[in-house]
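Notes follow the structure.
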Amino acid sequence: MTVRDFIRLFKKMIFVIIATAVLMFILGYFFPDEQAMSLAIMKEYSLEVILVFPAVLVLMGLVDIWMPREMVRRHFGDTAGFRGLLLSVFLGTLPAGPLFIAFPIAGKMLRKGARVANVVAFMGAWASLKMSEIGMEIYFLGVKFAFLRVVLTLIAVLGIALITEKMLTVAGKELTKESI
Amino acid sequence: MKVALAINLITAGLLLLSFFKSSRKTLIALKMSLQKGANLMPWMIGIIVLIGMMLSFVPEQTVERYLGGEMTLIQVGGAALLGTITMIPSLIAVPLAGSLIEAGASYTTIAAFLTTLIMVGFVTLPLEIKELGIKITFWRNLLAFIFAIIIAGMIGVLM
Chain A
0 MTVRDFIRLF
10 KKMIFVIIAT
20 AVLMFILGYF
30 FPDEQAMSLA
40 IMKEYSLEVI
50 LVFPAVLVLM
60 GLVDIWMPRE
70 MVRRHFGDTA
80 GFRGLLLSVF
90 LGTLPAGPLF
100 IAFPIAGKML
110 RKGARVANVV
120 AFMGAWASLK
130 MSEIGMEIYF
140 LGVKFAFLRV
150 VLTLIAVLGI
160 ALITEKMLTV
170 AGKELTKESI
Chain B
0 MKVALAINLI
10 TAGLLLLSFF
20 KSSRKTLIAL
30 KMSLQKGANL
40 MPWMIGIIVL
50 IGMMLSFVPE
60 QTVERYLGGE
70 MTLIQVGGAA
80 LLGTITMIPS
90 LIAVPLAGSL
100 IEAGASYTTI
110 AAFLTTLIMV
120 GFVTLPLEIK
130 ELGIKITFWR
140 NLLAFIFAII
150 IAGMIGVLM
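Line by line, the protein sequences give chains A and B. The first sequence begins at 0 in numbering that gives the first Met the number 0 and counts up by one. The second sequence begins at 0 in numbering that gives the first Met the number 0 and counts up by one.
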């Protein structure tokens with residue numbers, strides 16, 4: 000990271016912090032109840048991100064260094080076939096926080112040579128097929144609802160993944176980094 | 000909490016292993032992590048602020064008013080839209096859905112709301128575009144919305 004990058008980042012951070020402070024101030028002035036609730040929710044989410052995100056970043060760095068492109072391509076690339084798709088879904092179901100943490104991981108997979116369908120399947124599973132949440136769903140909404148939703152969602156996740164890939168490669172164009 | 004602890008312990012273990020194998024490579028990896036983290040930090044803060052503000056202005060009563068009662072096609076569409084634009088953690092959304100069902104809401108409506116809520120991310124679109132590009136983001140979210148409606152319809156028939 001050059002000094003210039005650092006300064007740019009620093010400016011961005013200052014901007015975000017000031018914008019947040021101003022927003023919260025305005026909110027507190029006109030809607031004090033909503034502000035209190037906003038702050039409580041923000042605290043909850045921040046805690047989740049602070050607890051999980053640094054570890055996820057370090058893991059990504061380690062994977063970047065130790066896992067060669069060839070290996071990612073073998074397990075998640077075009078030739079990995081249905082096994083690659085299933086592996087992506089399985090990885091997505093591992094518990095690890097809100098969906099927006101998965102975006103950088105998915106981006107990394109993509110840049111390391113993973114297939115579009117696998118990356119999208121990973122995100123879909125991360126969002127909707129978390130073990131802990133399925134347990135909660137059974138408890139609050141009943142086993143039949145949870146079972147139907149999980150089975151249908153799994154089919155949908157695979158469908159979304161394959162159609163998204165199809166849409167990107169439409170017109171017979173080779174998928175390149177630029178076309179993403 | 001347990002999940003966070005497990006992730007951190009696993010990461011620490013792998014970091015140690017990596018350090019034993021090559022301290023030089025490990026330092027490069029850590030530097031990359033730090034850089035990525037610094038780059039994403041403003042985005043994370045922005046998303047968290049937006050989620051917090053949104054959730055406080057879409058309180059449970061609003062959700063109840065729109066999703067409870069007799070099921071209509073408009074209601075199912077509205078539920079899917081509500082799920083799309085809001086971002087409610089499932090820790091809150093699933094119990095809320097349960098109480099809505101008890102209050103007489105239809106399974107179809109609830110399925111449309113829950114499915115778009117977890118699969119389509121409106122607030123996080125900018126970050127998704129930044130990391131994955133506009134094409135993947137567009138198709139993933141559009142298709143997730145369409146599939147959510149289909150799932151809702153099928154759950155309505157099968158329940």
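Beta carbons are placed, not taken as given, at the ideal position from N, Cα and C, and that holds for glycine. Please read all numbers here as calculations on a predicted model, not as lab measurements.
Problem set entry | Cβ distance (whole Å) where A/Glu201 is taken to contact B/Ser89 below 8 Å | This structure gives no information on residue 201 of chain A, because the portion of chain A shown stretches from 0 to 179.
Problem set entry | Residues of the stretch 54-77 of chain A with Cβ closer than 8 Å to any Cβ of chain B, in chain order | Ala54, Val55, Leu56, Val57, Leu58, Met59, Gly60, Leu61, Asp63, Ile64, Trp65
Exercise. Is B/Ala11 near A/Leu140, with beta carbons less than 8 Å apart?
Worked result: no
Problem set entry | B/Leu15 (DSSP reduced to helix, strand or coil) | helix
Problem set entry | Beta carbon proximity, A/Gly106 to chain B, threshold 8 Å | yes
For this session: Go to A/Asp4, then tell me how far its alpha helix (DSSP H) extends in each direction, as first and last residue.
Result: 2-29
Exercise. Under 9 Å Cβ-Cβ, which residues of chain A neighbour B/Val48?
Worked result: Val15, Ala18, Thr19, Leu22, Met23, Ser37, Met41
Problem set entry | C-alpha gap between B/Lys24 and B/Ile44, whole angstroms | 30 Å
Exercise. Straight-line CA distance for B/Gly36 to A/Met108?
Worked result: 17 Å
Problem set entry | Close-in-space but distant-in-sequence residues of the same chain around A/Ala126 (CB under 6 Å, 5 per side omitted) | Leu98
For this session: Would you tell me roughly how many angstroms separate the C-alpha atoms of A/Thr77 and A/Thr163, rounded to the nearest one?
Result: Residue identity check: residue 77 of chain A is Asp in the sequence provided, not Thr. Taking the straight line from one Cα to the other gives about 14 Å.
For this session: Could you pull the start and end residues of the alpha helix (DSSP H) that A/Pro103 belongs to?
Result: 98-110
Exercise. So, using beta-carbon positions, are B/Leu14 and A/Val149 closer together than 8 Å?
Worked result: no
For this session: Out of B/Ala92, B/Ala78, B/Ile91, state which residue places its alpha-carbon closest to the alpha-carbon of B/Ile148.
Result: B/Ala78
Exercise. In chain order, what residues of the same chain have a beta carbon less than 6 Å from the beta carbon of B/Asn140, not counting five sequence neighbours either side?
Worked result: Val119
Problem set entry | 3 or more residues per run - each beta strand (DSSP E) lying fully within the stretch 29-107 of chain B | none
Exercise. For A/Glu173, which of helix, strand or coil comes out of DSSP?
Worked result: Interpretation of A/Glu173 is limited by its pLDDT of 49, a score under 50 that renders its predicted location unreliable; no figure is taken from the coordinates.
For this session: Under the assumption that A/Leu61 contacts B/Ala3 (Cβ atoms under 8 Å), give the Cβ distance between them as a whole number of angstroms.
Result: No, A/Leu61 and B/Ala3 are not in contact; Cβ-Cβ is about 18 Å, not under 8 Å.
Problem set entry | Endpoints, alpha helix (DSSP H) assigned at A/Thr228 | With chain A running from 0 to 179 in the structure shown, residue 228 of chain A is simply not present.
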